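Residue numbers (this note's numbering): -18 to 263.
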């Protein structure tokens, strides 16, 4: 504690507080436009101590580091499985070792009932691309997969190359809640495979994360941080929402409110000194 005045100079903390107060009283909205980079906004405007700011900056940098990997996960995992399979089959292995490889390989790429195994989906799609554009023994097929590997990410990869036949081979389907149970909504058959494909595309890459922006850092003339969720038909997970808003309130130092939709109706989630609350607005 005796180092605190040096690590967190009072004059710096006071200047930050005064800047926030000035922005709060200004007529212009703050932020001037909705801000999606919530961690950056906290780094710039939250009343954080120096060590807190350092840690938050590390978390933000690490998150951005993993974004490209998140956006190419199916391609990457499938690519690794594809070449693992190619190389091991090209080696003159004793039968017992080759059998051991096949067992381990199949354990990696086997389907996961009720969820997507990126190793499985990527492996199947890469093989299909090579087959359709010349075959595994031709330079055209090999050239095509390297071309796709260089230019695409998961969303484009699946949009371009996940065919009706592959949707059926992969046994893709969508589900929906019914009471306490989950039931199959659509199977990738002749009539519904495109709907199932679109549902998958919404989940891959960054599509699995909700889009939430800070729209007002001085809501209702106070210090409440108001955020807005860009609802796309998928409600927020309540457990994650509660944890996120609780942590956000800790960092911001004041109440937090999130506008969203629940069960197709406008809703407001709040986190105050009294805890987390969620209610429908109409």
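Note that beta-carbon positions come from the ideal geometry of N, C-alpha and C, so glycine has one too.
Computed from a predicted model, the values in this text were never measured in an experiment.
Check, Outcome
"In DSSP terms, what residue 248 is bridged to", "241 and 261"
"DSSP beta-bridge partners of residue 194", "209"
"Local Cβ density within 10 Å of residue 177, reported as buried at 16 or more and exposed below that", "buried"
"Contacting residues, own chain, Cβ-Cβ under 8 Å from residue 262 (five flanking each side not counted)", "246, 247, 248 and 249"
"Check whether residue 254 and residue 219 have beta carbons under 9 Å apart", "no"
"Residue 225 - partner residues in DSSP beta bridges", "Residue 225 is not bridged to any residue."
"Residue 59 and residue 102 closer than 9 Å at C-beta", "yes"
"Straight-line Cα distance separating residue 182 from residue 139", "7 Å"
"Three-state class that DSSP yields for residue 93 in the structure shown", "strand"
"Residue 185, enclosing beta strand (DSSP E) - first and last residue", "No beta strand (DSSP E) contains residue 185, which DSSP labels as neither H nor E."
"As assigned by DSSP and simplified to three states, the class of residue 162", "strand"
"Rounded straight-line distance, which links the Cα of residue 131 to that of residue 29", "41 Å"
"Helix, strand or coil at residue 220 [DSSP, three-state]", "helix"
"Closest residue to residue 243 among 236, 234, 228 and 222 (Cα-Cα distance)", "222"
"CA-to-CA distance, residue 20 to residue 74, given in whole angstroms", "51 Å"
"Alpha-carbon to alpha-carbon, residue 165 and residue 154", "7 Å"
"Where residue 99 falls, given that 16 or more other Cβ within 10 Å makes a residue buried", "buried"
"Inter-residue Cα distance where the pair is residue 122 and residue 93", "28 Å"
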